[in-house]
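A.B. asks: Residue numbers (full-length UniProt numbering), protein chains in the order written: chain A, 1 to 311; chain B, 1 to 176.
Cβ atoms here follow ideal geometry from the backbone N, Cα and C, with glycine treated the same way.
To start, I am sharing the structure in question, which I have written as structure tokens.
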Ligand SMILES: Cc1cc2nc3c(=O)[nH]c(=O)nc-3n(C[C@H](O)[C@H](O)[C@H](O)COP(=O)(O)OP(=O)(O)OC[C@H]3O[C@@H](n4cnc5c(N)ncnc54)[C@H](O)[C@@H]3O)c2cc1C
Ligand code: FES
Ligand code: FES
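Given below as structure tokens:
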């Protein structure tokens, strides 16, 4: 299993990369970390005539964190994003999810933007972008454009990116001080793609009551589905310990809602039946919501303590 | 029409090498076939088994998921680079030997490079951490118990310093 023959291009500027991609479209593939493209080449599932290695393009390897959120350049490796303290503070969901992306050795080479471009419905970072309502910045021969996450993922390994376009960065909006997050997933082995995974965001009001709850689903359909679960859990006060019996019915209702909405798109494969995946979606929704709620309480109270300390 | 060839220069274990390869030559194959460094093993060729693990600028990477042309300008370390020829074994090699961390040896180069880099950043792992550290590499023989023990023993040897690593029992001239 060796890659088929292709012409190799190693542009040294963004302009040159975009020009080569435009000239070779639709026969060119971007090569970033290679952790998805090279397996596809080795297995002969992909046979692009041109491979455009963007790793020598300067300026794409930066993580920028501002009040609005975190901008991740196209060449930032999973390992380096996970190690960035400012990014982890603004969008804790990133580090929570990156821990579950493959093994450290794969994360050393694979890029976060590459995993979004690859659009695997099992990819943690694609789900994170969808859940947070982020966007990608795109360069093409005509200039630049922005694609919202909701418009990016169009099918299994399919995006609305045109041939010849390059994602230069992904933008993840900041979570806000009273918004907690969590990732819960089941994989055959630690580091494998999730059989089912749930990323959750829970927002609280100043009395620490839930005002918003959303979840994104991995491996439950061709694209990362995002569900609004606010109705099921609004008004609950998340707890670190066991939940009150009344509250656990509400969380269970959120799990049922998730199973009903994601189950119909769940597929069977050698790892799991559709029924088992739906069961996991139900159980993991409850787990992720409760963890995200507890995380939101920690974030809100830490913020309040820091504020009191300054006053 | 013949395939276009690329003249590349690679730095492997501190030694500069030149090779002429097609763009599709995987780094794993370049190391083995073009440079004759057959210590790097090839199992699955899709990133799953870890037998081909080498260090790229000190970080473990799958050499079957890199193109040789993309490795130019980086410092590569293969299993051959862990110890000086004729010198004492690397602490990880010594620990594998003491703990019987290998049987057929097919997976071993990948584990050795992985663990050598891991211990640079985590000099004192717990057993659970050691197990997680090797979780991305496959071994069909050992059942992993002795490999995990070897990680802990290697950490101990490293902390004790070079004096704690005894001279190999095999005379230098009998070693490959
Ligand atoms: C054994 C193994 C296990 C894995 N497990 C997981 C897992 O559990 N979860 C997970 O999320 N991922 C997993 N991955 C995939 C990993 O996260 C990859 O790093 C990621 O999917 C792709 O990033 P890359 O930089 O390697 O992209 P590449 O392989 O270089 O490219 C992937 C695709 O995206 C395109 N592309 C890349 N960058 C751009 C860009 N800037 N603009 C436009 N197109 C672009 C390429 O053309 C190609 O089609 C695993 C990989 C392996 C080998
Ligand atoms: S041969 Fe590279 S990971 Fe198996
Ligand atoms: S020792 Fe045989 S595969 Fe590990």
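Any beta-carbon of chain C closer than 8 Å to the one on residue 54 (chain A)?
C.D. replies: The chain inventory of the structure shown lacks chain C, comprising the protein chains A and B.
A.B. asks: At which residue ranges does the segment 48-121 of chain B contain complete beta strand (DSSP E) runs of 3 or more residues, listed in the order of the chain?
C.D. replies: Those beta strand (DSSP E) runs which fall completely within the segment 48-121 of chain B and span 3+ residues are 53-56, 59-62 and 75-77.
A.B. asks: Tell me the rounded alpha-carbon separation between residue 27 (chain B) and residue 20 (chain B).
C.D. replies: Approximately 12 Å between the Cα atoms of the pair.
A.B. asks: Looking at residue 78 (chain A) and ligand 1, is the gap between the Cβ and the nearest heavy atom below 7 Å?
C.D. replies: It does: the Cβ of residue 78 (chain A) is within 7 Å (strictly closer) of some heavy atom of ligand 1.
A.B. asks: Starting from the C-beta of residue 307 (chain A), find all residues in its chain whose C-beta is less than 6 Å away, skip the five residues before and the five after it, and write them out in chain order.
C.D. replies: Result list for residue 307 (chain A): empty, nothing under 6 Å.
A.B. asks: Rounding to the nearest angstrom, what Cα-Cα distance links residue 110 (chain A) and residue 47 (chain A) in this structure?
C.D. replies: Cα-Cα distance, rounded: 20 Å.
A.B. asks: Going by DSSP in three states, residue 168 (chain B) sits in which element: helix, strand or coil?
C.D. replies: Reliability of the predicted coordinates at residue 168 (chain B) is poor, the pLDDT of 49 falling under 50, and the value obtained from them is presented with this limitation in mind. DSSP places residue 168 (chain B) in coil when its eight states are reduced to three.
A.B. asks: Along the chain, where does the alpha helix (DSSP H) that runs through residue 115 (chain A) open and close?
C.D. replies: Looking at the DSSP string, the run of the alpha helix (DSSP H) that includes residue 115 (chain A) is 112-118.
A.B. asks: Taking only beta carbons into account, state which residues of the segment 67-100 of chain A come closer than 7 Å to chain B, listed in chain order.
C.D. replies: Those would be none; no residue qualifies.
A.B. asks: Let me see if you follow: with CB-CB separation under 8 Å, is residue 270 (chain A) close to chain B or not?
C.D. replies: Residue 270 (chain A) does not count as touching chain B.
A.B. asks: Going along the segment 71-93 of chain B in order, which residues come within less than 8 Å of chain A, judged by CB to CB distance?
C.D. replies: Of all residues in the segment 71-93 of chain B, none has a Cβ within less than 8 Å of some Cβ in chain A.
A.B. asks: Is there a Cβ of chain B sitting closer than 8 Å to that of residue 193 (chain A), yes or no?
C.D. replies: Not closer than 8 Å to any Cβ of chain B, the Cβ of residue 193 (chain A) fails to qualify, so no.
A.B. asks: Determine whether the Cβ of residue 214 (chain A) lies closer than 8 Å to any Cβ atom of chain B.
C.D. replies: False, the Cβ-Cβ gap to chain B never drops below 8 Å.
A.B. asks: Using 8 Å as the limit for Cβ to Cβ distance, is residue 48 (chain A) near chain B?
C.D. replies: Closer than 8 Å: no.
A.B. asks: Any heavy atom of ligand 4 within a distance shorter than 7 Å of the CB on residue 64 (chain B)?
C.D. replies: For ligand 4, the structure offers nothing, since it holds only ligand 1, ligand 2 and ligand 3.
A.B. asks: With respect to 7 Å, is the separation between the Cβ of residue 103 (chain B) and the closest non-hydrogen atom of ligand 3 below this value?
C.D. replies: True, at least one ligand heavy atom lies under 7 Å from that Cβ.
A.B. asks: Within 8 Å (strictly less), CB to CB, does residue 27 (chain A) reach chain B?
C.D. replies: No - not a single Cβ of chain B is within 8 Å of the one on residue 27 (chain A).
A.B. asks: State the Cα-Cα distance for the pair residue 87 (chain A) and residue 63 (chain A), rounded to the nearest angstrom.
C.D. replies: When rounded, the distance between both Cα atoms is 8 Å.
A.B. asks: What is the rounded straight-line gap between the Cα of residue 61 (chain A) and the Cα of residue 139 (chain A)?
C.D. replies: The alpha-carbon atoms of residue 61 (chain A) and residue 139 (chain A) are separated by roughly 16 Å.
A.B. asks: State yes or no: is the C-beta of residue 138 (chain B) within less than 8 Å of the C-beta of residue 50 (chain B)?
C.D. replies: Yes, these two residues count as a Cβ contact at 8 Å.
A.B. asks: Return yes when at least one heavy atom of ligand 3 lies under 7 Å from the C-beta of residue 139 (chain B), else no.
C.D. replies: Checking every heavy atom of ligand 3 against the Cβ of residue 139 (chain B), one is found closer than 7 Å.
A.B. asks: Can you check the segment 66-138 of chain A for any alpha helix (DSSP H) of at least 4 residues that lies completely inside it and give the ranges in chain order?
C.D. replies: Taking only runs of at least 4 residues, the alpha helix (DSSP H) segments lying wholly in the segment 66-138 of chain A are 78-82, 85-90, 92-98, 104-109, 112-118 and 124-132.
A.B. asks: Any heavy atom of ligand 1 within a distance shorter than 7 Å of the CB on residue 117 (chain A)?
C.D. replies: Yes, Cβ of residue 117 (chain A) sits closer than 7 Å to a heavy atom of ligand 1.
A.B. asks: Helix, strand or coil for residue 9 (chain B), going by three-state DSSP, please let me know.
C.D. replies: In this structure, residue 9 (chain B) counts as strand in the three-state DSSP scheme.
A.B. asks: Check each candidate in B:91, B:101 and B:145 and name the one with the smallest Cα separation from residue 157 (chain B).
C.D. replies: Nearest of B:91, B:101 and B:145 to residue 157 (chain B), Cα basis: B:91.
A.B. asks: Helix, strand or coil, according to DSSP, for residue 295 (chain A) in the structure here?
C.D. replies: It is helical.
A.B. asks: Does residue 145 (chain A) come out as helix, strand or coil in the three-state DSSP assignment?
C.D. replies: Residue state, collapsed to three classes: strand.
A.B. asks: Just to make sure I have the definition right: I need the residues of chain A whose C-beta is within less than 8 Å of the C-beta of residue 129 (chain B). Which are they?
C.D. replies: What residue 129 (chain B) touches in chain A: nothing, since even the nearest Cβ is about 12 Å away.
A.B. asks: Run the CB neighbour count on residue 303 (chain A), radius 10 Å, all protein chains shown included, and call it buried at 16 or more, exposed below.
C.D. replies: Exposed: under 16 other Cβ atoms inside 10 Å.
A.B. asks: Rounded to the nearest angstrom, what separates residue 285 (chain A) and residue 83 (chain A) at their Cα positions?
C.D. replies: Roughly 27 Å between the two C-alpha positions.
A.B. asks: Any heavy atom of ligand 2 closer than 7 Å to the beta-carbon of residue 49 (chain B)?
C.D. replies: Residue 49 (chain B): yes, Cβ under 7 Å from ligand 2.
A.B. asks: Taking C-alpha atoms, which residue in A:26, A:233 and A:262 lies nearest to residue 121 (chain A)?
C.D. replies: Closest by alpha carbon: A:262.
A.B. asks: For residue 181 (chain A), name the three-state secondary structure that DSSP assigns.
C.D. replies: DSSP places residue 181 (chain A) in strand when its eight states are reduced to three.
A.B. asks: Does DSSP put residue 312 (chain A) in a helix, in a strand, or in coil?
C.D. replies: Here chain A comprises residues numbered 1 to 311, so residue 312 (chain A) is not present and cannot be evaluated.
A.B. asks: Which chain B residues sit within Cβ distance under 8 Å of residue 6 (chain A)?
C.D. replies: Chain B residues near residue 6 (chain A): 23 and 24.
A.B. asks: In chain A, what lies closer than 9 Å to residue 60 (chain B) by C-beta?
C.D. replies: Near residue 60 (chain B) (Cβ distances below 9 Å), the residues of chain A are 104, 105 and 108.
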